Every structure is written in structure tokens, then in C-alpha cells.
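In this note's numbering, the protein residues as written are 459 to 961.
Note that beta-carbon positions come from the ideal geometry of N, C-alpha and C, so glycine has one too.
From a predicted model like this one, the values you see are computed outputs, not experimental measurements.
In what follows, a single structure is set out as C-alpha cells and then discussed.
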Amino acid sequence: MSHASWNALARDLSGELSLDERDRNTHSEDASIFVVRPAAVAFPRGNDDIDRLLRFCREEGLSVTARGAGTSRGGQPLGQGLCLNFRRHWQSVLHWDDRSGELTVEPGVLYAEAQKFLARHGRAFPPDPSWHQCTVGGMVANNAAGIHSVKYGGTIEHFRGAEFFSGDGALHDTRVPDGLSRSLGELLQRNASLIEGDFPAVEKNSAGYSLAHALHAKNPLASVLCGSEGTLGLFTKIHLGTVRIPSHRALSIAYYPSLASALEAGLRMKEAGVAACELVDKVLLDLHAGHEESRHARRITGNRWLDEFYALSAEAVLIVECDGFSSEEVERCQRATEEASGTRAIYRVADGEAGAAWDLRRHTSPILNKVENGRVAIKPLWAVEDVCLPRHRLVEYVAEQDRIFRRHGLVCSFFGHVASANLHIDPLHLNLRGAGDGLFDRVTEESYRLVVRMGGSISGEHGDGLLRTRFLPLQYPRSFPLFAEVKKLFDPLGILNPGKIVL
Ligand SMILES: Cc1cc2nc3c(=O)[nH]c(=O)nc-3n(C[C@H](O)[C@H](O)[C@H](O)COP(=O)(O)OP(=O)(O)OC[C@H]3O[C@@H](n4cnc5c(N)ncnc54)[C@H](O)[C@@H]3O)c2cc1C
459 MSHASWNALA RDLSGELSLD ERDRNTHSED ASIFVVRPAA VAFPRGNDDI
509 DRLLRFCREE GLSVTARGAG TSRGGQPLGQ GLCLNFRRHW QSVLHWDDRS
559 GELTVEPGVL YAEAQKFLAR HGRAFPPDPS WHQCTVGGMV ANNAAGIHSV
609 KYGGTIEHFR GAEFFSGDGA LHDTRVPDGL SRSLGELLQR NASLIEGDFP
659 AVEKNSAGYS LAHALHAKNP LASVLCGSEG TLGLFTKIHL GTVRIPSHRA
709 LSIAYYPSLA SALEAGLRMK EAGVAACELV DKVLLDLHAG HEESRHARRI
759 TGNRWLDEFY ALSAEAVLIV ECDGFSSEEV ERCQRATEEA SGTRAIYRVA
809 DGEAGAAWDL RRHTSPILNK VENGRVAIKP LWAVEDVCLP RHRLVEYVAE
859 QDRIFRRHGL VCSFFGHVAS ANLHIDPLHL NLRGAGDGLF DRVTEESYRL
909 VVRMGGSISG EHGDGLLRTR FLPLQYPRSF PLFAEVKKLF DPLGILNPGK
959 IVL
């Protein structure tokens, strides 16, 4: 591309266009192991800029990859063409409707900022990923979820719609039926039985387009956009549903002598009505215990529950939260969870200690990632970091997965949203040997075959990106070709974030 055409483009924009090495480098990474340098980075300001940039890319045959905060774990916001940074100029809260509890924001608003705004109205947008410095646009595009999703659902359950540009440059509103929504509806209905039969029966699924969810959704267009990783449209305005923030909460820690017993108890917790139930195993707790930030936190708070873990020689814990609108409601939930826990080794965390206990769980990924000063410093070679299993297969799956890791000489940690059967499984980077000789690929493939054989999803909440797209034909042996048909409806020239979800 000649400098003259870039310069002409830059002159047409209200925002900025950068060919600068530094900008291109900072937009070449996310929290994954991939590095892909874009040809240029645009910081659009307003819909006219997006329209102009899309036209330019169509004319020049250049790909367009949207970017929020760049915290994806699979290379979703990385592309070789033009990177569209939505963080700089798309940070406004546009509308708050007190009656319906609906929030409308620009896509570059950070989750943390949206929560702060909503808290003033006693409300929350509940998906709660463990890293709050991500954008709402990135959350919708990845269908992110988190610690409280077991009770409140993930992004797809609260995404009410969006204004977006499709790849051909048309501006759509998911709330206004048009040719695109009709074509999508017809495609879904034509292929309903194929989709029903091919999608895993799991509680959370961010692998591929959300076709199974869309089949039964009030607004199939919004459903399919949620989790589409910037491959179908560019959001310019997002509507979110919210919930009332519960006035009461209580936290307890249950200790287990084995990983399997913790898993079994964790699976019973959803029925007991938990707001959150997180598994953390000994491998991770040992890492925390040795980590400087955690040691610092323990000096301040004491974190007695962690001392208790070592005193009991436990192998895993469940961090269990109950919430509600009265102390009686919370107490009822706590009693139900204690019954479901199957253990007497339970520590009821005092109010003053709860923050530190949650911090420990929330800092699990940052510690594994060695996040320092807000930047990911070391990226573990995640292989199967986000699987979701049918509940009745989870215990058997974990045992088999552990055997796979051990066979390859890897030490691995299990943690995450056990009550939804959605686990994060990280082989510790410190112990990963021989990554260069294809070990990573072999372990990943073997593990994903196991997940699919057991009826699970290879991604419960993190999405596909460059990491998992090539495994989608394995996940969806019959419906994978439909993804290309969907893509064609939205993006006939294939310029939107190529290489993600569709091969
Ligand atoms: C330490 C750590 C912990 C994490 N914990 C969780 C967790 O608990 N749960 C979870 O689900 N995820 C988690 N993640 C992953 C990540 O934070 C989420 O997926 C998040 O939603 C990504 O948002 P982002 O703003 O960083 O988006 P980016 O990574 O910048 O982009 C994500 C996708 O969104 C697309 N996109 C961005 N803006 C737009 C737009 N305007 N229009 C269309 N597409 C757009 C991009 O093209 C890309 O495909 C974690 C990551 C880290 C590093």
C-alpha cells in the first residue's frame, strides 16, 4: 500500500491513523502467545470514520480487525491488515434507562467503568470476568463470562442488542428487522435439526458462532453477533441488561482431601443456589503462597483460610459465595451449600477477609500470566484453558485430562467455574519442556479430542481466536460449514477479522 493512499485516508478521518512502528507493535499482541503485526492502526472517531475505513479496506482488499483492550486469550484481536482501536474514542456511556435497567454504551467502555456507573444506580452487568480492564465491545464479541455466571449468566444472557456495521459497510440495528436478519433467520430455520444435533449440551459455550442459542432466542441476530469475535460486524453502540446488586453476601471456603471430591461437591453447588463457586487446586494455591503479591496481601489480612488449607493438608478448595436481599436469604443459601459440600471442613470467611479471598481467585490468571504493572509479562502455553463439560462427565474428564498432561511430563493446575462444569486448566509454564518440538500442538489436539468425545465444548467463555479456530471442525463435525454461510451473509468479501471462527 502506498504512503499516498494512507495519507489520503488519514485526511478523510476525524480520528487518527498510524503507521508508526510503536503503535503497530503495541497492537500486535493480546494475552495469547500469538504475535501478528497490523499494517496500520486506526483510532476512528464516530460512524463516518468507520464507514470510510471499511470502504477503504474493501477497495484495497485489506482485512479489518477490531480491538478493545487487547486482553483476549486466543489472538482474537490480532490481524495483518488494518487494526481498528475502539478503546481511544469510544468510551461514552450513552444512555441509562432507570425503568428497564438497560444501559447503552459505546464499545470501548471498560467493564470496570460500566460497573462503576451502574453501582451508583444499585445495578450491575453481571458476567464478571476475572480481569475487569476489558471493554464491553470485547466482552460481547467474545461472549465473556465469569465468576458469577453460574447464577446470573454470561454476556449473551444480558446482551440486548447493538448498532453495528456489517462487512459490506451497511449500518444495522439488531432491533430493527432488515434483509440481513431475515436471511439469518431463514438460514437458522433451514438448518435447525443439524444445529440441534451438533452443538454440545453444556452450560457455557463460546466455541464458534452461537447458532444453537440463536435458534431459540428472541433476537437471533443479536445472539449470533455475541461471540462472533469481530468477524461479522463492528459494534458502535451496545445495549446491556443489568441486575440489582444484592444487599447481602457471605463467603465460605470448603476444603477437600482430593481434587475429585472437590469437583463432585462443586457440581452440587448450583442447585444449592450459589452466586459463585470457584475451584482452586493445590498446585495454584502453592503458587499463590509463594507469590510476592499474595504474601503481601496475607501479611495485611492474615488470610486465615489459606493457613487452614495447609494445616488440613488439603488438595483443593471451593470458594463459595451466597448472596441475596436479606440476611435470612443468605443464611438459607449458606446452609444449603454446607449440606451440598459433603465436608465439615468449612471456613466461614469474616466480612473483613472476603476481599482478600476473592482477590486470590481473581489473581490466579494474572499470577499465571505474570501480569506486572498491568501488562502480561509471561504468557503460559495454554493448551486447554477453558473447557466446559456435560456435568455428569466432569470428574471422569479431569482424571483423563490429568493423565494426558502427566504422560507428556507436564504439571498442570485445575481451577475455575466448577459449578457450571467450566474449568481453566493450565500447564504451568515453568514446567513446560520441549514446547518447540510440537508438544503444545500434540497436547492440545489430544485434549480437545477428549473434550469432544465426552460431549464438551473446547471453550466455555474465552472464545476461539487463532488458538482454537482450527479445532472448530472437530467440535462441530457437521455444522462447521454453516459458519462460512453465516459469515457470507454479514461479510461477503471476508474482510472482517479473517482466520477467526471461519477458516
Ligand atoms: C488475566 C486475564 C483474565 C481473564 N479472565 C477472563 C474471564 O474470567 N472470563 C472471560 O470470559 N474472559 C477472561 N479473559 C479474556 C478477556 O479478558 C475477555 O475475553 C474480554 O472480554 C476481552 O475484551 P477486550 O476488550 O480485551 O477485547 P479484545 O481482546 O481487544 O478483543 C476481543 C474480540 O472483540 C473484538 N472486538 C473488539 N471491539 C469490537 C467492536 N467494537 N466491534 C466488534 N468486535 C470487536 C475483537 O476483534 C476481538 O475479536 C481474561 C483475560 C486475562 C488476560
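DSSP-derived helix/strand/coil call for residue i
i	result
Arg495	coil
Gly691	strand
Asp949	coil
Gly528	coil
Tyr667	coil
Ala620	strand
Ser871	strand
Ile758	Legend: pLDDT at Ile758 = 46, less than 50; position of this residue unreliable, no value from coordinates given.
Ala942	helix
Val807	strand
Thr700	coil
Ser460	coil
Trp816	helix
Asn889	Bear in mind that a pLDDT of 43 at Asn889, under 50, signals an unreliable position, so the model cannot answer this.
Thr801	coil
Gly782	strand
Asn543	strand
Glu564	coil
Ile777	strand
Asp739	strand
Trp548	coil
Val842	coil
Val901	helix
Asp509	helix
Ala500	strand
Tyr906	helix
Leu770	coil
Leu745	helix
Asp555	strand
Nearest-angstrom beta carbon gap, residue j and residue i [assumed within contact, 8 Å]
i	j	result
Ala877	Cys735	4 Å
Gly619	His697	5 Å
Thr613	Ala527	15 Å between Cβ atoms; not a contact.
Leu540	Ala498	5 Å
Ala730	Pro848	The pair is not a contact, with the Cβ atoms about 20 Å apart (cut-off 8 Å).
Ser558	Gly918	Contact doesn't hold; Cβ gap of about 29 Å is too wide.
Met727	Ala798	6 Å
Phe964	Leu692	Given that the chain is displayed from residue 459 to residue 961, the structure contains no residue 964 and the question cannot be resolved.
Glu779	Ala733	5 Å
Phe492	Ala524	Actually they are not in contact, since the Cβ atoms of Phe492 and Ala524 sit about 16 Å apart, beyond 8 Å.
beta-carbon residue i near ligand 1 non-hydrogen atom, thresh 7 Å
i	result
Pro885	no
Glu919	yes
Thr529	yes
Cys791	no
Arg525	yes
Thr801	no
Thr927	no
Thr562	no
Leu692	yes
Phe657	no
Gln549	no
Asn955	yes
Asp488	yes
Ala723	no
Ala498	no
Asn663	no
Pro535	yes
Glu615	no
Met459	no
Lys946	no
Extent of the continuous alpha helix (DSSP H) to which residue i belongs
i	result
Leu679	678–683
Glu474	Counting along the chain, Glu474 falls outside any alpha helix (DSSP H), though it belongs to the beta strand (DSSP E) covering 474–476.
Leu725	717–726
Val732	Taken as a continuous stretch (DSSP letters only), Val732 belongs to no alpha helix (DSSP H), as it is neither H nor E.
Pro931	930–933
Asp481	479–484
Glu919	Where Glu919 is concerned, there is no enclosing alpha helix (DSSP H), given that its DSSP letter is neither H nor E.
Gln859	852–865
Arg926	923–926
Residue-chain proximity (residue i, chain B), Cβ-Cβ < 8 Å
i	result
Leu709	The structure shown has no chain B; it contains just one protein chain.
Opening and closing residue of the beta strand (DSSP E) in which residue i lies
i	result
Asn880	880–885
Ala712	706–714
request  = Please specify which runs of the beta strand (DSSP E), each continuous and at least 3 residues long, are wholly inside the segment 573–660, giving them in chain order.
outcome  = Fully enclosed beta strand (DSSP E) runs of no fewer than 3 residues occupy 617–624, 629–631 of the segment 573–660, in order along the chain.
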